[in-house]
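Structure first, commentary second.
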Amino acid sequence: MATYYDNNTVIYLNGSYVKTADAKIDLYSQTLHYGYGVFEGIRSYRTASGDTRIFKPKEHFLRLEKSAAAYNLPYNWTVEELTIATYKVLEENNLQDAYIRPLVYAPANMSFNLNTESFITIQAWEMQPFLGDKLLRVMSSSFQRPNPRGFKIEAKACGHYVNSIMASQEAKAMGYDEALLTDMNGYIAEGPGANIFFEKDGKLYTPPSGNILPGITRATVKEIAAELDIEVIEKLFTADELKAADSAFFCGTAAEVIGWESLDGSRFSGDWNGSLSRKIQQAYKERVTEKIAAEASI
Ligand code: PMP
4 MATYYDNNTV IYLNGSYVKT ADAKIDLYSQ TLHYGYGVFE GIRSYRTASG DTRIFKPKEH
64 FLRLEKSAAA YNLPYNWTVE ELTIATYKVL EENNLQDAYI RPLVYAPANM SFNLNTESFI
124 TIQAWEMQPF LGDKLLRVMS SSFQRPNPRG FKIEAKACGH YVNSIMASQE AKAMGYDEAL
184 LTDMNGYIAE GPGANIFFEK DGKLYTPPSG NILPGITRAT VKEIAAELDI EVIEKLFTAD
244 ELKAADSAFF CGTAAEVIGW ESLDGSRFSG DWNGSLSRKI QQAYKERVTE KIAAEASI
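So in the numbering used here the end of the sequence shown lands on 301, straight run, no missing numbers.
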């Protein structure tokens, strides 16, 4: 298991900065029992100029608020206060390349009734800067993503991740690196914690929003593609269509942009290093570490 904290680690908890070791949450929380809570996954980076920079904090904290609203969780924090709190958590823990986990959780409540308040914590731990460019061996999951008529699938909610855990564990038990899930109609949806793009004949394709978490990294990839003059087409597609792609990648805040070697053992025909996907991966790295901006200011 990874180490997330030690005796000196500090977290943000409902307006205070406290040691993880001293922090308490209510064991009767509706979040713990029913998975009824919302969270975010954010990254900070040591930039090319040596600063610590949170990537797209506004987008993440606005999504946290939208996720809370989608699930009727009371929410009264601002983007500004949470961004300031997050920088303080990073500073208190001497973190630059970090993964940041805000979680909005419910009070003690064993019923299914609405709450009058929510609580919040922000935790952070070290992330290694870019773990190389190993290509993933992906498996078509036997699990489908949650049906949007059963869940607010566009929200990032705790309970959704039971599905992610099951799919990822299944793929790893079968000797693969990661799972790929379909929507309830059998079209490709996303990975357990990342969106998917594929490249075919000089264009990029990705599933439309509706049955996926429309990721912030997915939006960044679209921005990068526009700058590089690469067309992005949003459409539904099947695993067979995906297997005929030139290249494919997952993208997400934690995964960043990570290429695929194969799907169900079927290798992609294109050379990864010469692919548009690889170009996007490179541009993403430069964007999060502000390499381009740093070079421009030299
Ligand atoms: N889909 C799922 C199911 C996820 O958990 C994530 C990670 N938050 C993503 C997609 C990618 O979203 P983002 O780029 O905002 O991290």
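Glycine included, C-beta positions come from ideal geometry on N, C-alpha and C.
Checklist entry - Which same chain residues, not among the five before or five after E95, have their C-beta less than 7 Å away from its C-beta? => result Answer for E95: V13 and Y20, listed in chain order.
Checklist entry - Which one of N11, V260, Y102 and G268 has the shortest CA to CA distance from I283? => result Closest by alpha carbon: V260.
Checklist entry - Can you tell which of A286, N214, M177 and K203 has its C-alpha closest to the C-alpha of L245? => result Here the closest residue by C-alpha is K203.
Item to check | Any non-hydrogen atom of the ligand PMP within 8 Å of A257 CB | outcome: Flag set: Cβ of A257 near the ligand PMP.
Checklist entry - Out of D243, F201, I215 and L239, which has the shortest C-alpha to C-alpha gap to V224? => result Considering only D243, F201, I215 and L239, the residue with the shortest C-alpha distance to V224 is F201.
Checklist entry - Tell me which same chain residues have a C-beta within less than 7 Å of the C-beta of A111, skipping the five on either side of it? => result For A111, where only same-chain residues beyond five positions count, the Cβ hits under 7 Å are D29, Y31 and S32.
Checklist entry - For the putative contact between A72 and A101, defined by C-beta atoms under 8 Å, what is the C-beta separation to the nearest angstrom? => result Not a contact, Cβ separation roughly 27 Å.
Checklist entry - For R140, which residues from the same chain have a beta carbon less than 6 Å from its beta carbon, with the 5 sequence-adjacent residues on both sides left out? => result Closer than 6 Å at Cβ, skipping near neighbours: Y179, D180, E264 and S265.
Checklist entry - Is S3 helix, strand or coil when you go by DSSP? => result Only positions 4 to 301 of the chain appear in this structure, which leaves residue 3 out of reach.
Next on the checklist: Do I103 and R46 have their beta-carbon atoms positioned less than 9 Å apart in this structure?
Outcome noted: A distance below 9 Å separates the beta carbons of R46 and I103.
Checklist entry - Just checking my contact of G218 with G255 at CB under 8 Å: how many whole Å lie between their CB atoms? => result That belief holds up - the Cβ atoms of G218 and G255 are roughly 6 Å apart, short of 8 Å.
Item to check | Limits of the beta strand (DSSP E) - the one that Y20 falls within | outcome: Residues S19 to K22.
Checklist entry - With which residues is W263 paired in a DSSP beta bridge? => result According to DSSP, W263 bridges with L139.
Item to check | heavy atom of the ligand PMP below 8 Å from E68 C-beta | outcome: Outside the cutoff, so no.
Next on the checklist: Quick check: the Cα distance between I125 and A88, rounded to an integer number of angstroms?
Outcome noted: C-alpha of I125 to C-alpha of A88: approximately 8 Å in a straight line.
Item to check | Proximity to D136 [Cα-Cα], best of D9, A158, A258 and A109 | outcome: A check of alpha carbon separations from D136 across D9, A158, A258 and A109 identifies A258 as the nearest.
Checklist entry - Relative to the C-alpha of A228, which residue among T119, Y208, S212 and G213 is closest? => result Of the candidates T119, Y208, S212 and G213, the one whose C-alpha sits nearest the C-alpha of A228 is Y208.
Checklist entry - K206 to L16, Cα distance in whole Å? => result Each residue's alpha carbon lies about 45 Å from the other.
Item to check | Entirely enclosed beta strand (DSSP E) segments - the segment 78 to 119, minimum 3 residues | outcome: Taking only runs of at least 3 residues, the beta strand (DSSP E) segments lying wholly in the segment 78 to 119 are 101 to 108.
Next on the checklist: Determine whether the beta carbon atoms of S250 and S212 lie at a separation below 9 Å.
Outcome noted: For S250 and S212, no; Cβs fall outside 9 Å.
Next on the checklist: Only counting the same chain, and skipping five residues up and downstream in sequence, which positions put a Cβ closer than 8 Å to that of Y90?
Outcome noted: T55 and I57, listed in sequence order.
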